[in-house]
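As you go down the protein sequences, you meet chains H and W in turn.
Adding 4 to a residue's 1-based position in the first sequence gives its number in the working numbering.
Adding 204 to a residue's 1-based position in the second sequence gives its number in the working numbering.
Don't be surprised by glycine CBs; every beta carbon is placed ideally from N, CA and C.
Source: prediction; values computed, not measured.
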Amino acid sequence: MPGCRVSETAGESSTLMVPEGAMRLNASALAIVRLCNGVRTFAGMIASLKEEFPGAPPEQLESDAGSLLEKLRAKGVVAW
Amino acid sequence: MNPPLGIIAEITHRCPLHCVYCSNPLELASRKDELATEAWLEVFRQGAGLGVLQLFLTGGEPLARNDLTQLVRGAREHKLYVNLITSGIGLNAARLGELVAAGLDHIQLSFQDSEAAPADAIAGARAHELKLALAREIAQHEVAFTVNIVVHRQNLQRLPQMIAMARDLGASKLEIAHVQYYGWALRNRSYLLPTREQVEESRALIESAQKRLEGQMRIEYVLPDYYAKYPKACMGGWGQKMILITPAGKALPCHAAEVIPDLEFDRVCEKPLRWIWEESEAFNRFRGEDWMQEPCKSCERRSHDFGGCRCQAFLLANDANATDPVCSLSPHKEKILLSLAPAPHKASVHRS
């Protein structure tokens, strides 16, 4: 959504900047946010995440991505 | 000590509107006292160094300064997230494009009502139609867009129309905020304070709109604390989250703090921002819990609402250390309840 951007500082965790707020992102959260491009489906995201994190159990990826996206939707960062 | 999350930069007190509930102090800083561009950029640089993430450019009307684009660009260079809080007066398509190109992240546009006549009456200026035209421009840009509407006794009945208006204008967020009774608003309190029925009705209406518009437009609702059982956690705690800089460069823990007597506020041109935040007397006076009296001192809610608002305690109980008088546990609550009794209709006074 407009007004939402990721701020990356070398050597530190990334920060998702949103209107009047901010949220620290760890590596997997950053990967999930990076995949939100307005057209990619949830299934498409999971497929990409599986490639990026081959060691992680697929169910784990799905539930992590699902709960993060719900949280971001409530904050008005993503929409579907 | 945690760094402040945000800097509220009141870059000017100049404003084309004269709202009857203006939150700026009764005594305004004049143009000649305003910090220069370089001084503001230095504040942003120091703030970013302190760990600040968010910048709120406000006023007065920030558009009254012709270096606004430069301030936005400078703030972005220091990696701040830049919010502009504006009435929109002074903005046109070209200037909006410039601000967005300079890196403006979020515009919060204020409206006074959903209808032109009562909106312009509150603002003391013909502004509503201009704002509508501007909102349609903003929606065309890659910038977060919030509509803010201040509500009170005279306009609460149009809450459904206000929600429809914000939706129609393409806002991603609508902020409905009740008047807070400081400064000019306190002077006009009997004109503005809603009835309990109005407040209850509006709360139910907002809740159903929030459900209905989920995923389309977020609605934030700030309730009037006079009707609350417990006080608001003012500013997220004194000296905990925010640092406000006045047009002349005084650093305050909240916008009304200057009403508290015997409190000296340091200036950003004289002291480093870090020292002001961490060491200054003003920012430490009500930090933590040592200053509290009963009933706050032993109250289990003291870590939630920090005793409420210090300025309101001074304004209504004449003691900045007192429990916020809107709290049901305050010995002054009676006074608040009396002010809620239906008042004879009084005319409002526009801010000068």
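Ala252 (chain W) beta carbon less than 8 Å from that of His282 (chain W): Here the question's residue 282 (chain W) lines up with position 78 in the second sequence. Here the question's residue 252 (chain W) lines up with position 48 in the second sequence. In contact: His282 (chain W) and Ala252 (chain W) (Cβ atoms closer than 8 Å).
If you drop the 5 nearest sequence neighbours on each side, which residues of the same chain put their C-beta closer than 6 Å to that of Gly441 (chain W)? Looking up residue 441 (chain W) in the second sequence gives position 237. Taken in chain order, the residues that qualify are Phe510.
Distance between Thr527 (chain W) and Met369 (chain W) (C-alpha atoms, nearest Å): Here residue 369 (chain W) is taken as the residue at index 165 of the second sequence, counted from 1. Here residue 527 (chain W) is taken as the residue at index 323 of the second sequence, counted from 1. Approximately 39 Å between the Cα atoms of the pair.
Could you compute how far the alpha carbon of Met5 (chain H) sits from the alpha carbon of Thr45 (chain H)? In the first sequence, residue 5 (chain H) corresponds to position 1, counting from 1. In the first sequence, residue 45 (chain H) corresponds to position 41, counting from 1. Approximately 16 Å between the Cα atoms of the pair.
Just list the beta strand (DSSP E) runs in the segment 288-370 of chain W, keeping only unbroken ones of 3 residues or longer that don't cross its boundaries, in chain order. 310-315 and 348-355
Below 6 Å CB to CB, which residues in the same chain sit around His536 (chain W) once its five sequence neighbours on both sides are set aside? The residue given as residue 536 (chain W) occupies position 332 in the second sequence. So the list reads Ala521 and Pro529, once near-sequence residues are dropped.
Can you name the residues of chain C whose CB is closer than 9 Å to the CB of His310 (chain W)? Looking at the structure shown, chain C is missing, and the protein chains on hand are H and W.
Would you kindly check if the distance between the Cβ of Leu363 (chain W) and the Cβ of Gly292 (chain W) is under 8 Å? Position 88 of the second sequence, counted from the start, is the residue given in the question as residue 292 (chain W). Position 159 of the second sequence, counted from the start, is the residue given in the question as residue 363 (chain W). No.
Please return the same chain residues whose Cβ sits closer than 6 Å to the Cβ of Lys377 (chain W), not counting the five positions on each side in sequence. One-based indexing of the second sequence puts residue 377 (chain W) at position 173. Counting only Cβ-Cβ distances below 6 Å, and skipping sequence neighbours, we find Thr350 and Arg422.
Beta-carbon proximity list for Leu557 (chain W), same chain, < 6 Å, skipping 5 on both sides: The shown model of chain W, from 205 to 556, leaves out residue 557 (chain W), and the question about it has no answer.
Assess, as a yes-or-no matter, whether the segment 224-240 of chain W is touched by the segment 379-392 of chain W under the definition of 3 or more beta carbon pairs within less than 8 Å. yes
Is there a Cβ of chain W sitting closer than 8 Å to that of Arg77 (chain H), yes or no? As a first step, residue 77 (chain H) is located in the first sequence; it is residue number 73 there, counting from the start. So, interface residue.
Find out if the Cβ-Cβ distance for the pair His310 (chain W), Val347 (chain W) is shorter than 8 Å. By 1-based counting over the second sequence, the position of residue 310 (chain W) is 106. By 1-based counting over the second sequence, the position of residue 347 (chain W) is 143. Their beta carbons are under 8 Å apart, which means His310 (chain W) touches Val347 (chain W) by this criterion.
Could I get the ranges of all uninterrupted beta strand (DSSP E) runs contained in the segment 394-451 of chain W, with 3 residues as the minimum, in chain order? 422-426 and 446-449
What does a CB cutoff of less than 7 Å around Cys515 (chain W) pick up in its chain, not counting 5 residues either side in sequence? Locating residue 515 (chain W) in the second sequence gives position 311, counting from the first residue. Cβ neighbours of Cys515 (chain W) beyond the five flanking positions: Tyr386, Cys458, Ala460, Ala461, Val463 and Ile464.
Host beta strand (DSSP E) of Thr45 (chain H) (start-end): Translated into positions along the first sequence, residue 45 (chain H) becomes position 41. That residue, Thr45 (chain H), is in no beta strand (DSSP E); it is neither H nor E in DSSP.
Report the three-state DSSP secondary structure of Leu221 (chain W) (helix, strand or coil). Position 17 of the second sequence, counted from the start, is the residue given in the question as residue 221 (chain W). Residue state, collapsed to three classes: coil.
Measure the beta-carbon distance from Thr216 (chain W) to Glu238 (chain W) and round it to whole angstroms, keeping in mind my assumption that it falls under 8 Å. On the second sequence, residue 216 (chain W) is found 12 positions in, with the first residue counted as 1. On the second sequence, residue 238 (chain W) is found 34 positions in, with the first residue counted as 1. About 6 Å; that satisfies the 8 Å criterion.
Partners in chain W for Gly80 (chain H), counting only beta-carbon separations shorter than 7 Å: Counted from its first residue, the first sequence places residue 80 (chain H) at position 76. The contacting residues are Ser376, Lys377 and Arg422.
I need the straight-line Cα distance from Ala432 (chain W) to Ala517 (chain W), nearest angstrom please. By one-based count along the second sequence, residue 432 (chain W) stands at place 228. By one-based count along the second sequence, residue 517 (chain W) stands at place 313. Near 15 Å, if we compare the C-alpha coordinates of Ala517 (chain W) and Ala432 (chain W).
Express the C-alpha separation of Ala60 (chain H) and Arg77 (chain H) in angstroms, rounding to a whole number. Residue numbering aside, residue 77 (chain H) sits at position 73 when the first sequence is read from its first letter. Residue numbering aside, residue 60 (chain H) sits at position 56 when the first sequence is read from its first letter. Answer to the nearest angstrom: the Cα atoms are 24 Å apart.
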